[in-house]
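Q: Sharing a structure with you now.
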Amino acid sequence: METNEPLVRVRNLKKHFPIRRGIVFERTVGIVQAVDGVSYDIYRGETLGLVGESGCGKSTIGRTMLGLYPPTAGSVNIAGIEVTTARGAQMRLLRRKAQMIFQDPFASLNPRWTVSAIVGEPLRIHNLEPDRQRRDERVKELLELVGLSGRHVNRFPHEFSGGQRQRIGIARALASNPDFIVCDEPIAALDVSIQAQVVNLLEDLQTQLGLTYLFIAHDLSMVRHICDRVAVMYLGGLVELAASDVLYEHPLHPYTQALLSAVPVADPKVARKRQRIVLQGDVPSPINPPPGCRFHTRCPIAQPHCAQVVPEWRQAQPDHWVACHEVEPKQGF
Amino acid sequence: MTTIEPPARIGLAGGDVEAPPLSPGQMAWRRFRRHKLAMANAVLLILLFVYSFGGAFVYSEAYANYNDTTKRLQPPSWEHPFGTDTIGRDILARTIYGGQISLLIGITAVLVQLVIGILIGALAGYYGGLLDSLLMRFTEAVLTIPGLFLLLIMAKYFTGKVPDITLLGRTYSGSVVVIVLIIGLTSWPRLARIVRAEFLALKENDFITAARATGTPNSQIIFRHILPNTVAPIVVTATLSVAGAIISEAYISFLGLGVQPPTATWGNMITGSTNYIEGAPWLWFFPGLLILLTVLSINFVGDGLRDALDPRSRPE
Chain P
3 METNEPLVRV RNLKKHFPIR RGIVFERTVG IVQAVDGVSY DIYRGETLGL
53 VGESGCGKST IGRTMLGLYP PTAGSVNIAG IEVTTARGAQ MRLLRRKAQM
103 IFQDPFASLN PRWTVSAIVG EPLRIHNLEP DRQRRDERVK ELLELVGLSG
153 RHVNRFPHEF SGGQRQRIGI ARALASNPDF IVCDEPIAAL DVSIQAQVVN
203 LLEDLQTQLG LTYLFIAHDL SMVRHICDRV AVMYLGGLVE LAASDVLYEH
253 PLHPYTQALL SAVPVADPKV ARKRQRIVLQ GDVPSPINPP PGCRFHTRCP
303 IAQPHCAQVV PEWRQAQPDH WVACHEVEPK QGF
Chain S
121 MTTIEPPARI GLAGGDVEAP PLSPGQMAWR RFRRHKLAMA NAVLLILLFV
171 YSFGGAFVYS EAYANYNDTT KRLQPPSWEH PFGTDTIGRD ILARTIYGGQ
221 ISLLIGITAV LVQLVIGILI GALAGYYGGL LDSLLMRFTE AVLTIPGLFL
271 LLIMAKYFTG KVPDITLLGR TYSGSVVVIV LIIGLTSWPR LARIVRAEFL
321 ALKENDFITA ARATGTPNSQ IIFRHILPNT VAPIVVTATL SVAGAIISEA
371 YISFLGLGVQ PPTATWGNMI TGSTNYIEGA PWLWFFPGLL ILLTVLSINF
421 VGDGLRDALD PRSRPE
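Protein sequences appear in the order of chains P and S. Residues in the first sequence are numbered from 3 upward in steps of one, following the working numbering. Residues in the second sequence are numbered from 121 upward in steps of one, following the working numbering.
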């Protein structure tokens, strides 16, 4: 579990996408504030969950953290490497130490490459196993590590099922011995029975290899199961971050409360007694997010000043972060 | 005693790694073989190549260019199966050597087209932004110039300025090189646009993001990840362009600006027949028939390839 040493440190990260019009002479007609000022740490060996609605910027955070999108502002530090400014050898080290697992197991593997080429790519790029034969051996080891047969190295992706393909994607992510893996909705596209298998595999690998995960998802019950801490995102910003049990049992932010009340409960007696918080209206556009607290347009407890003042990202209780004016800090803290 | 046979796959692979399955190329070949029209035309195309290049062992080039004005405009006979032309040259021998030139022009012009078209399309599609805008505006500019007009201007300008070259024991007049370059340099925009469109779609795939997250250099992403996935439309465009190039050569030569006599091409052989369309139809019939067969068979082969290279169809 977590030690007190953060492996990943994200500070005030912003990613804005300009909307451009025009041919050759482009002009910017708007800005999508996909991620707007998020800060958090991920401790070595833990799984941090990142949940939120579709389009709230979850995936953008994951990709910006790995330097796949140049950030607009802020800093990301992974294992001592400043992602936003890394070049050359530092960047190559980052590419080895931080990896990614994708949602769509059909789009994430090159249909014209064999499994051997796909899983062996990080080894080849980072020159970890220069010898072809040794590389093939290592690929077989990796396939067996993720529960596939090493005999299938010469197959093409289309010869595998969705779950197997996801395992190939995981094997590729593990090839360069990373410390940190961004799991971008790795189970959202899989059957429920397969989801459990893949989640268990990810947990086993974490214990075995001491991995640190950022687990992006929208399946709240799965997130509670796999994550040590959970961050909730709304319209490009974090609204709450706490240990899983604390967040699920005692959510502080009204958005988190509404989100959790939407999780279906298997027991009909409990379900009937439960109070469902239904939010009014739609998520505002990230092109022109509301001023002040971004949630004030739909918040059941919004006050006049919520529309003017951006709430501070603060610890309401020890290690329980929240961005809301109306949440009282715990007494004596 | 009965023994239970192990499944063939394990037996073949020696229990270690299973044998490589059908590669995408092998799958495509299986699909192509089942396409009867394309297969028949592929055979015809091969026969046309055998005719043009194998025929050189029967007739010498000197014979094809030998003229005897006492034998001019003879209809087909045993001595001259395709007849003789206006200055008494054997038409059969000339269609053989003309075929070599026409086919070579078709293939090499398309190679030029492939290099330029793929490079420009790939760079524009992959990098996008300003580079894309500049390259595509340039491509559109080339597209808007009427092809024939450009061909004629360039043919007129360059003719006689390029020295002869010798390749595989045969000397080609410089005008052949000029024609190849002209056709290649005017035919790439269509291919560039197709390649760009493919790149635009493919680069959004997660496997490209995965490659970038691994630190794979852009050159490898372009040429090893994306380009192999665009093979189907490129191969189809290229085959169809071979036919187009042969026709282009024919009409430039027909207008008298192409490959210069005595070097024969199917196109310039027809040029020489314009005054004898009714009086001596064998002058244009044989080279015309060969152009028709070549272009037709290449188009059918291209059609078959388009179906065969579509990974969604599977050989049964």
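Idealized CB from N, CA, C, for every residue including glycine. The structure presented is a predicted model; accordingly, all values stated were derived computationally and were not measured.
Contact between the region 111-118 of chain P and the region 80-96 of chain P is defined here as three or more beta-carbon pairs at a separation below 8 Å; is this criterion met?
A: With a cut-off of 8 Å, the region 80-96 of chain P and the region 111-118 of chain P do not count as touching, because too few Cβ pairs lie within range.
Q: Under 8 Å, Cβ to Cβ, is there at least one residue of chain S near Glu84/P?
A: Translated into positions along the first sequence, residue 84/P becomes position 82. Judged by the 8 Å Cβ criterion, Glu84/P is not in contact with chain S.
Q: If contacts are defined as beta-carbon pairs under 8 Å, then Val10/P and Met102/P qualify, I think. What distance do you get, rounded to the angstrom?
A: If you number the first sequence from 1, residue 10/P lands on position 8. If you number the first sequence from 1, residue 102/P lands on position 100. Wrong, their Cβ atoms sit about 13 Å apart, outside the cutoff.
Q: Do the CB positions of Val40/P and Gly239/P come within less than 8 Å of each other?
A: By one-based count along the first sequence, residue 40/P stands at place 38. By one-based count along the first sequence, residue 239/P stands at place 237. Taking 8 Å as the Cβ cut-off, Val40/P and Gly239/P qualify as a contacting pair.
Q: Decide if the region 379-399 of chain S is in contact with the region 247-262 of chain S; the criterion is three or more beta carbon pairs, one per stretch, under 8 Å apart.
A: Result no; under three Cβ-Cβ pairs closer than 8 Å.
Q: Assuming Ile397/S contacts Phe374/S (C-beta within less than 8 Å), just tell me the rounded distance between them.
A: By one-based count along the second sequence, residue 397/S stands at place 277. By one-based count along the second sequence, residue 374/S stands at place 254. With a Cβ gap of about 13 Å, Ile397/S and Phe374/S do not count as contacting.
Q: If you draw a straight line from the C-alpha of Ile418/S to the C-alpha of Val163/S, how long is it?
A: Within the second sequence, residue 418/S is the residue found at index 298, counting from 1. Within the second sequence, residue 163/S is the residue found at index 43, counting from 1. Whole-angstrom Cα-Cα distance: 11 Å.
Q: Would you list the residues sitting across from Pro302/P in a DSSP beta bridge?
A: Here residue 302/P corresponds to residue number 300 of the first sequence, with the count starting at 1. In the DSSP output, where bridge partners are listed per residue, Pro302/P has none listed.
Q: In chain order, what are the residue ranges of uninterrupted beta strand (DSSP E) at least 3 long that sit wholly in the region 243-277 of chain S?
A: Counting whole runs of 3 or more residues, the region 243-277 of chain S contains no beta strand (DSSP E) stretch at all.
Q: Mind reading off the beta-carbon distance from Cys362/P to Leu50/P? Whole number of angstroms is fine, and I expect it under 8 Å.
A: Only positions 3 to 335 of chain P appear in the structure, and residue 362/P is not among them; the question remains open.
Q: Per DSSP, Gln194/S is paired with what?
A: Residue mapping note: residue 194/S aligns to position 74 of the second sequence, counting from 1. Answer is none; Gln194/S lacks a bridge partner.
Q: Answer with yes or no whether the minimum CB distance from Arg332/S to chain P is below 8 Å.
A: Taking the first residue of the second sequence as 1, we reach residue 332/S at position 212. Closer than 8 Å to some Cβ of chain P, the Cβ of Arg332/S qualifies, so yes.
Q: Ignoring anything shorter than 3 residues, give me the beta strand (DSSP E) runs that lie fully in the region 234-300 of chain P, in order along the chain.
A: Segments of the beta strand (DSSP E) lying fully in the region 234-300 of chain P: 239-245.
Q: Return no unless some Cβ of chain P is closer than 8 Å to the Cβ of Leu429/S.
A: The residue given as residue 429/S occupies position 309 in the second sequence. Answer no: the Cβ-Cβ gap between Leu429/S and chain P never drops below 8 Å.
Q: Step through the CB atoms of chain P and report whether any lies within less than 8 Å of the CB of Thr329/S.
A: The residue you call residue 329/S lines up with position 209 of the second sequence. Chain P, which has a Cβ nearer than 8 Å to the Cβ of Thr329/S, makes this yes.
Q: In whole angstroms, what separates the C-alpha of Glu328/P from that of Pro256/P?
A: Taking the first residue of the first sequence as 1, we reach residue 328/P at position 326. Taking the first residue of the first sequence as 1, we reach residue 256/P at position 254. About 9 Å.
Q: Between the region 200-218 of chain P and the region 166-185 of chain P, are three or more C-beta pairs nearer than 8 Å?
A: Enough Cβ pairs lie closer than 8 Å, so yes.
Q: Going by DSSP, what residues sit across from Tyr42/P in a beta bridge?
A: For the purposes of this step, residue 42/P is taken as residue 40 along the first sequence, with counting starting at 1. Paired residue(s): Val12/P.
Q: Closest Cβ-Cβ distance between Pro348/S and chain P: below 8 Å?
A: Reading the second sequence from its first residue, position 228 is the one you call residue 348/S. Taking Cβ atoms only, chain P reaches closer than 8 Å to Pro348/S, which makes this a yes.
Q: Against Gly376/S, what residues of chain P qualify as contacts under a CB-to-CB distance less than 7 Å, listed in chain order?
A: Numbered from 1 along the second sequence, position 256 holds the residue referred to as residue 376/S. Here the premise fails: no neighbours, minimum Cβ distance about 41 Å.
Q: Going by DSSP in three states, Gln135/P sits in which element: helix, strand or coil?
A: Your numbering for residue 135/P matches position 133 in the first sequence. In the structure shown, Gln135/P sits in a helix (DSSP, three-state: H, G or I).
Q: Of all the residues that make up the region 249-272 of chain S, which are near chain P by a beta-carbon distance shorter than 8 Å?
A: If the cut-off is 8 Å between Cβ atoms, the region 249-272 of chain S has Leu250, Ser253, Leu254 and Arg257 near chain P.
Q: Using a Cβ-Cβ cut-off of less than 8 Å, give me the residues of the region 392-404 of chain S that come near chain P, in sequence order.
A: Flagged: no residues at all.
Q: Can you find the residues in the same chain that come closer than 7 Å, C-beta to C-beta, to Val34/P, ignoring five residues on each side of it along the sequence?
A: Numbered from 1 along the first sequence, position 32 holds the residue referred to as residue 34/P. Only His18, Phe19, Ile21, Pro288 and Ile289 meet the Cβ criterion.
Q: Do you know how far the Cα of Tyr246/S is from the Cα of Arg310/S?
A: Looking up residue 310/S in the second sequence gives position 190. Looking up residue 246/S in the second sequence gives position 126. Distance between the alpha carbons of Arg310/S and Tyr246/S: 17 Å.
Q: Out of Ala233/P, Pro253/P and Glu123/P, state which residue places its alpha-carbon closest to the alpha-carbon of Thr334/S.
A: Numbered from 1 along the second sequence, position 214 holds the residue referred to as residue 334/S. Measuring from the Cα of Thr334/S, the nearest candidate turns out to be Glu123/P.
Q: To the nearest angstrom, how far is it from the Cα of Leu167/S to the Cα of Phe269/S?
A: Here the question's residue 167/S lines up with position 47 in the second sequence. Here the question's residue 269/S lines up with position 149 in the second sequence. In a straight line, the C-alpha of Leu167/S is about 34 Å away from that of Phe269/S.
Q: What is the DSSP secondary structure of Phe343/S, reduced to helix, strand or coil?
A: In the second sequence, the residue the question calls residue 343/S occupies position 223. Here Phe343/S sits in helix by DSSP.
Q: Across which residues does DSSP place Gly51/P in a beta bridge pair?
A: For the purposes of this step, residue 51/P is taken as the residue at position 49 of the first sequence. In the DSSP output, where bridge partners are listed per residue, Gly51/P has Phe217/P and Val232/P.
Q: So is Gly145/S buried or exposed if we call it buried at 16+ other beta carbons inside 10 Å?
A: For the purposes of this step, residue 145/S is taken as the residue at position 25 of the second sequence. With fewer than 16 other Cβ atoms within 10 Å, it is exposed.
Q: Just the C-alpha distance for Pro302/P and Tyr45/P, rounded to the nearest angstrom, thanks.
A: Along the first sequence, one-based indexing puts residue 302/P at 300. Along the first sequence, one-based indexing puts residue 45/P at 43. Looking at the two C-alpha atoms, the distance is approximately 34 Å.
Q: Taking all protein chains shown into account, decide if Thr190/S is buried (16 or more other Cβ within 10 angstroms of its Cβ) or exposed.
A: Your numbering for residue 190/S matches position 70 in the second sequence. Thr190/S comes out exposed.
Q: Mapping the DSSP letters down to three states, classify Cys308/P as helix, strand or coil.
A: Numbered from 1 along the first sequence, position 306 holds the residue referred to as residue 308/P. Note: Cys308/P maps to helix in three-state DSSP.
Q: Tell me the DSSP bridge mates of Ile83/P?
A: In the first sequence, counting from the first residue as 1, residue 83/P sits at position 81. BP columns for Ile83/P point to Ile80/P.
Q: Could you tell me the distance, in whole angstroms, from the CA atom of Leu425/S to the CA atom of Ser143/S?
A: What you label residue 425/S is simply residue 305 of the second sequence in a count that begins at 1. What you label residue 143/S is simply residue 23 of the second sequence in a count that begins at 1. Going by the C-alpha atoms only, they are around 16 Å apart.
Q: Examine the Cβ distances between the region 297-305 of chain S and the region 222-240 of chain S and report whether three or more of them are shorter than 8 Å.
A: Taking 8 Å as the limit for Cβ pairs, the verdict is that the region 222-240 of chain S does touch the region 297-305 of chain S.
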